[in-house]
DNA sequence: ACCTGAACACCGTTCAAGT
DNA sequence: ACCTGAACACCGTTCAAGT
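Residue numbers (the working numbering), protein chains in the order written: chain A, -14 to 174; chain B, -14 to 174.
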């Protein structure tokens, strides 16, 4: 239903939105968040800077698409095994997302600034929500707990990524365990 | 010992670093983080853009100074009352810092991106550390807990501030309570 | 040492024009 | 509809020159 719109007249579309987002993703990987530039993306796909506006209304929309593309790299399938303890499942998910964000310098700031609402963001959120429901939290608590985990993951990565020091997951995992303890205490009382 | 350097020759200094940081702070309050611009600061204090380089080596240094100035607005004295329960003391501190960050759109992103190391940042950190020590945590755990609280406060504000929705402290406080529970569980086991 | 004017190498975005 | 060249209104930063 989306795309495949009849181009009744005029020149054929030489690119797709996905190719442009792909170029943005490459720039993110190669030059970091500050390197994701409208003009840079245009140059990489071989069109003039203003031609990008044929595909996206502004740069903010491109960044949201880029964040969506980034989130699609998280493999949700790995965390659906209900035979594993829920702590293990969340831990695996959190480490995976964290790793994905750490390889792209500044990417986490795009996340924190754009507060993604796309389908992939929803899928990621639903994955966490499902695990928390399996853990026995009622829907309201599960939603709050998911948000709390989100804050921990993004906040940790943002602070870790700016410290130029080597990145050690110990503090991250310690905090995650405190969160688990806090959630357990809350559900058992 | 700092400043009051003899100007042996040349024109008198027409400004102080503090006046420049003050102008940056005003711009932050009026136009948000994106409005904090080297040229804007220069215009506000009435000098040419490049004259700013006489006071600061680059914009990043100005931003660090601005973050320091922002942190100086947090009133640490209010949280030193040891007769109050430690949860109350941390809660008051966290709400205070959160409120300070929320009034300046985008300010939290400056914090997250600059990872402040100045004296005011240290004072803020020591305040939290002291409270956690009063709560009975050993120094290592207190340091980790302080970092965990830091992540929660900054991460929450960053996600809240980008959601354009009205800002509700309930989720923030719920998360804080889960952290307290998690820390309590950890110290009592 | 402090300040200026001019310039450089960028940005995101808009406009008029071509197909 | 898609694309281009030119321009606008910005950035941070550097350089040469004046006091």
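Even glycine gets a Cβ: it sits at the ideal position worked out from N, Cα and C.
- The C-beta separation of residue 79 of chain A from residue 161 of chain A comes to about 6 Å, placing the pair in contact by the 8 Å criterion.
- Using a CB distance below 8 Å, the part of the segment 115 to 139 of chain B facing chain A consists of 129, 130, 132, 133, 135, 136, 137 and 139, ordered along the chain.
- Contact between the segment 24 to 43 of chain A and the segment 112 to 123 of chain A is absent: fewer than 3 CB-CB pairs across the two stretches fall below 8 Å.
- Using a Cβ-Cβ cut-off of 7 Å, residue 163 of chain A is close to 133, 164, 167, 168 and 171 of chain B, given in chain order.
- Of all alpha-carbon atoms in A:3, A:91 and A:1, the one lying nearest the alpha-carbon of residue 144 of chain A is that of A:91.
- Pairwise C-beta distances place the segment 40 to 60 of chain B in contact with the segment 12 to 24 of chain B, as three or more of them are shorter than 8 Å.
- Look at residue 80 of chain A here: in three-state DSSP terms it is helix.
- In this chain, the alpha helix (DSSP H) harbouring residue 147 of chain B covers 124 to 147.
- By the rule that beta-carbons nearer than 7 Å mark a contact, residue 28 of chain A does not touch chain B.
- For residue 122 of chain B and residue 75 of chain B, the gap between their C-alpha atoms comes out near 14 Å.
- With a 10 Å radius around the Cβ and a threshold of 16 neighbouring Cβ atoms, residue 141 of chain A comes out buried.
- Counting along the chain, residue 70 of chain B sits inside no alpha helix (DSSP H), nor does DSSP assign it H or E at all.
- Among the CB atoms of chain B, none fall inside 7 Å of the CB of residue 50 of chain A.
- Leaving aside the five residues that flank residue 172 of chain A on each side, the residues in its chain whose CB is nearer than 8 Å to its CB run, in chain order, 120, 121, 122 and 126.
- With 16 or more other Cβ atoms inside 10 Å of its own Cβ, residue 99 of chain A counts as buried.
- In this structure, residue 139 of chain B lies near residue 96 of chain B, with their beta-carbon atoms less than 7 Å apart.
- Residue contact with chain A for residue 147 of chain B: present (Cβ-Cβ distance below 7 Å to some residue of chain A).
- In the three-state reduction of the DSSP assignment, residue 21 of chain A falls in the coil class, being assigned neither a helical nor a strand state.
- Residues of the same chain with a CB within less than 7 Å of the CB of residue 34 of chain B, apart from the 5 flanking positions on each side, are 23, 24 and 27 in chain order.
- Setting aside the 5 residues that flank it on each side, residue 130 of chain A is surrounded in the same chain by 117, 122 and 168, each with a C-beta closer than 7 Å to its C-beta; the list follows chain order.
- Look at residue 42 of chain B here: in three-state DSSP terms it is coil, with no helix or strand label.
- The beta-carbon distance between residue 146 of chain A and residue 59 of chain A, rounded to whole angstroms, is 17 Å. This is too long to meet the 8 Å contact definition.
- Within the segment 51 to 71 of chain A, not one residue has a Cβ closer than 7 Å to any Cβ of chain B.
- The C-beta separation of residue 63 of chain A from residue 77 of chain A comes to about 6 Å, placing the pair in contact by the 8 Å criterion.
- If you draw a straight line from the Cα of residue 107 of chain A to the Cα of residue 82 of chain A, it comes to about 14 Å.
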